[in-house]
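Asker: After the structure tokens below, expect a handful of questions from me.
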Amino acid sequence: MEQSCHYDSVQQLTVSAFEASEFGHHGESELIEALRDNCERAISLVALDDRQVIGHVIASPAVTHSAGSERSGLAIGPMAVMPSFQRRGVGSQLVRAVVERADAAGESFMAVAGHPEFYTRFGFRPILDFGVQHCFEGMPDDVFFLRGLQTTFPDHFENGRLVYSNAFGRQDRFA
10 MEQSCHYDSV QQLTVSAFEA SEFGHHGESE LIEALRDNCE RAISLVALDD RQVIGHVIAS
70 PAVTHSAGSE RSGLAIGPMA VMPSFQRRGV GSQLVRAVVE RADAAGESFM AVAGHPEFYT
130 RFGFRPILDF GVQHCFEGMP DDVFFLRGLQ TTFPDHFENG RLVYSNAFGR QDRFA
């Protein structure tokens, strides 16, 4: 579990990992701060190597809306692994741990935006398979994934919408 003594290391790690990625750094560390400050149900975990933070994941509240019903879950992200520790299983351990905690907390689902070849290994399926679309303008649907955690999570939604925490910014794609 992340503790306040990890905050500076997580910030440095996040900037470093995203600057080295194909996506570049676009405010992920600031987003993590906003999620910590505004999301009571957030799950924030660190991976340590000899007390050094080498990985971090945060999952914050998200909601699916469909035909008048609403289900609460968590959305993974940002997640970062120190570049020198990437491709060594750290990210996989973080995903497994955050999914396990969310399931134990009784969350209905987990959502994530990311690489299909990575997240599908953990039981995530494209949101379009569920009849769900995300609400971020200009982002493709094929990078968003869902995983039901409870047996009551439906396999399909009627005109489903996935909404992340307000800390992620505008989500007015269907407004």
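When we follow the numbering used here, the leftmost residue of the sequence shown carries the number 10, and every step to the right adds one.
All C-beta atoms, glycine included, are put in the ideal place defined by N, C-alpha and C.
#1: May I have the straight-line CA-CA distance separating Val-141 from Gly-82, to the nearest angstrom?
#2: When the Cα atoms are used, what is the spatial distance from Gly-132 to His-165?
#3: How far does the beta strand (DSSP E) with Pro-125 in it reach, from first residue to last?
#4: In three-state terms, what does DSSP make of Gln-61?
#5: When the Cα atoms are used, what is the spatial distance from Pro-92 to Gly-86?
#6: Is Ala-43 near Leu-171, with beta carbons less than 8 Å apart?
#7: Is the segment 111 to 123 touching the segment 148 to 166, taking contact as three or more C-beta pairs under 8 Å?
#8: Once the 5 residues before and after Glu-167 are set aside, which same chain residues still bring their CB inside 7 Å of it?
#9: Classify Glu-79 as buried or exposed, calling it buried when 16 or more other Cβ atoms lie within 10 Å of its own Cβ.
#10: Taking His-124 as the reference, which of Ser-25, Ser-30, Val-24 and Ser-13 has the closest Cα?
#11: Is His-15 helix, strand or coil by DSSP?
#12: By Cβ distance, which residues of its chain are closer than 6 Å to His-15, with the 5 residues on each side in sequence left out?
#13: Could you check the C-alpha separation between Gln-95 and Arg-179 for me, to the nearest Å?
Answerer: Looking at the coordinates:
#1: Approximately 14 Å, taken between the alpha carbons.
#2: Taking the straight line from one Cα to the other gives about 16 Å.
#3: For Pro-125, no beta strand (DSSP E) segment is defined; the enclosing uninterrupted segment is the alpha helix (DSSP H) at 125 to 128.
#4: Gln-61: strand per DSSP, three-state reduction.
#5: Taking the straight line from one Cα to the other gives about 17 Å.
#6: Not a contact, by the Cβ cut-off of 8 Å.
#7: Short answer: they touch.
#8: Same-chain partners within the cutoff: Ser-75, Ala-76 and Gly-140.
#9: Exposed: under 16 other Cβ atoms inside 10 Å.
#10: Of the candidates Ser-25, Ser-30, Val-24 and Ser-13, the one whose C-alpha sits nearest the C-alpha of His-124 is Ser-30.
#11: Three-state result, His-15: helix.
#12: Answer for His-15: Val-55 and Val-62, listed in chain order.
#13: Separation of Gln-95 and Arg-179 (C-alpha to C-alpha, rounded to the nearest whole angstrom) is 31 Å.
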